[in-house]
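Everything below concerns the one structure shown next.
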Amino acid sequence: MSEISVTAIPAFSDNYIWLISTGGEECAVVDPGDAGPVIRELTQQGLKLRYILLTHHHPDHTGGVAELANCYDVSIFGPHDARIPGQDRSFSEDESVRLPLLDLEFKVIEVPGHTSSHIAFYGHGCLFCGDTLFSVGCGRLFEGTPEQMQSSLD
Ligand SMILES: [Zn+2]
93 MSEISVTAIP AFSDNYIWLI STGGEECAVV DPGDAGPVIR ELTQQGLKLR
143 YILLTHHHPD HTGGVAELAN CYDVSIFGPH DARIPGQDRS FSEDESVRLP
193 LLDLEFKVIE VPGHTSSHIA FYGHGCLFCG DTLFSVGCGR LFEGTPEQMQ
243 SSLD
């Protein structure tokens, strides 16, 4: 397994897109709500985008996917949710997402609450949990119940 490096790319006024790399020229991003900041960062760092990981369907997490897929040869992985078109594969609880070009693998955890199909990616000391968990709270319950969110946080 590779040494993981995570860069926070600021997006919109209050959001981050996570850039994952392992020292080579290929990389992944999590929840690219906007393509512009991602393309600028990749150009600056000389990286090629190969994977897009999606935690949930909201536009501020998926809005940049179509443009990035036009610019790069990417595989798109996310939850089972028809509201996210164009995925190469959808994942369920306990399945593993493999990113062979980065020699990384993340376990999928289903975390309903903010949305009904929200997933998180866990591995290499990192948790990419979308809008489920923030530093001082959790995401709003748009589609789930408080009980579901509590279970997801647990
Ligand atoms: Zn959201």
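Start counting the sequence shown at 93; every next residue gets the next number (this note's numbering). All residues carry an ideal CB built from backbone N, CA and C; glycine is no exception. All of these numbers come straight from a predicted model, not from anything done at the bench.
Does T154 come within less than 8 Å of chain D when only Cβ atoms are used? Among the protein chains of the structure shown there is no chain D, as only one such chain exists.
Can we count G231 as close to ligand 1, meaning its CB is less than 7 Å from some heavy atom? For this step, residue 231 is matched to residue 139 along the sequence shown. Yes, the Cβ of G231 comes within 7 Å of a heavy atom of ligand 1.
How big is the Cα-Cα spacing for C119 and K140? On the sequence shown, residue 119 is found 27 positions in, with the first residue counted as 1. On the sequence shown, residue 140 is found 48 positions in, with the first residue counted as 1. Distance between the alpha carbons of C119 and K140: 6 Å.
Taking its Cβ as the centre, do 16 or more other Cβ atoms sit within 10 Å of L245, making it buried, or is it exposed? Taking the first residue of the sequence shown as position 1, residue 245 is located at position 153. So L245 counts as exposed.
For ligand 1, I want to know if D106 counts as a neighbour, meaning its beta carbon is within less than 7 Å of at least one of the ligand's heavy atoms. Position 14 of the sequence shown, counted from the first residue, corresponds to residue 106. Because no heavy atom of ligand 1 lies under 7 Å away, the Cβ of D106 does not count as near it: no.
Going along the chain, which residues of its own chain have a beta-carbon closer than 8 Å to the beta-carbon of T237, five neighbours each way excluded? What you label residue 237 is simply residue 145 of the sequence shown in a count that begins at 1. Closer than 8 Å at the Cβ level, and outside the excluded window around T237, lie G205.
Within 10 angstroms of the Cβ of R175, are there 16 or more other Cβ atoms? Answer buried if so, exposed if not. Within the sequence shown, residue 175 is the residue found at index 83, counting from 1. Its Cβ having fewer than 16 others within 10 Å, R175 is exposed.
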